[in-house]
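Undergrad: Here the sequence shown is numbered in this note's numbering, starting from 66 and rising by one per residue. Just so it is clear, CB atoms sit at the ideal spot from N, CA and C, and this is done for glycine as well.
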Amino acid sequence: KVSFLDAEVSGGSDLIAYDLTAIKAKVRASGGSDAKISVTSELEASANGGADIYYRGNPARVNKHSSGGSDITRKE
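(1) Please work out which residues of its chain come closer than 6 Å, Cβ to Cβ, to A110, disregarding the five sequence neighbours upstream and downstream, and give them in chain order.
(2) CA-CA distance, A72 and Y83?
(3) Along the chain, where does the beta strand (DSSP E) containing E107 start, and where does it finish?
(4) Assuming S78 and S98 are in contact, meaning their beta carbons sit under 8 Å apart, how far apart are those beta carbons, in whole angstroms?
(5) Three-state secondary structure (DSSP) at E73?
(6) Let's see if you can read the secondary structure: which residues bound the beta strand (DSSP E) around A116?
(7) Since N128 is in the beta strand (DSSP E), which residue starts that stretch and which ends it?
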């Protein structure tokens, strides 16, 4: 478990971090990349250019922005 996760993925890369639970997370994904994270309290997520961000948990504060065929989705 970590207090803060700051991640940026791009160029078709993948971040698979469901087993690392963050209290707060800031994630940016672009260029067909995927990010998979777990967060408990606060999430700031930005995805563009066909990138996808999937998150587990039920953070009280979620700020998300997606464009260009990207998705930011909560998973069970």
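TA: Considering the structure as presented:
(1) Looking up residue 110 in the sequence shown gives position 45. Within the same chain, A110 has close Cβ partners V92, I118, K129, I137.
(2) Along the sequence shown, read from residue 1 onward, the residue named residue 72 stands at position 7. Along the sequence shown, read from residue 1 onward, the residue named residue 83 stands at position 18. Whole-angstrom Cα-Cα distance: 13 Å.
(3) Locating residue 107 in the sequence shown gives position 42, where the first residue counts as 1. 99–112 is the span of the beta strand (DSSP E), which, as asked, contains E107.
(4) Here residue 78 refers to the residue found at position 13 of the sequence shown. Here residue 98 refers to the residue found at position 33 of the sequence shown. Going by Cβ atoms, the distance from S78 to S98 rounds to 5 Å, so yes, they are a contact pair.
(5) Here the question's residue 73 lines up with position 8 in the sequence shown. DSSP places E73 in strand when its eight states are reduced to three.
(6) The residue labelled residue 116 in the question sits at position 51 within the sequence shown. Neither: A116 is in no beta strand (DSSP E) and is coded neither H nor E.
(7) Working through the sequence shown from its first residue, we reach residue 128 at position 63. Unbroken beta strand (DSSP E) run through N128: 126–131.
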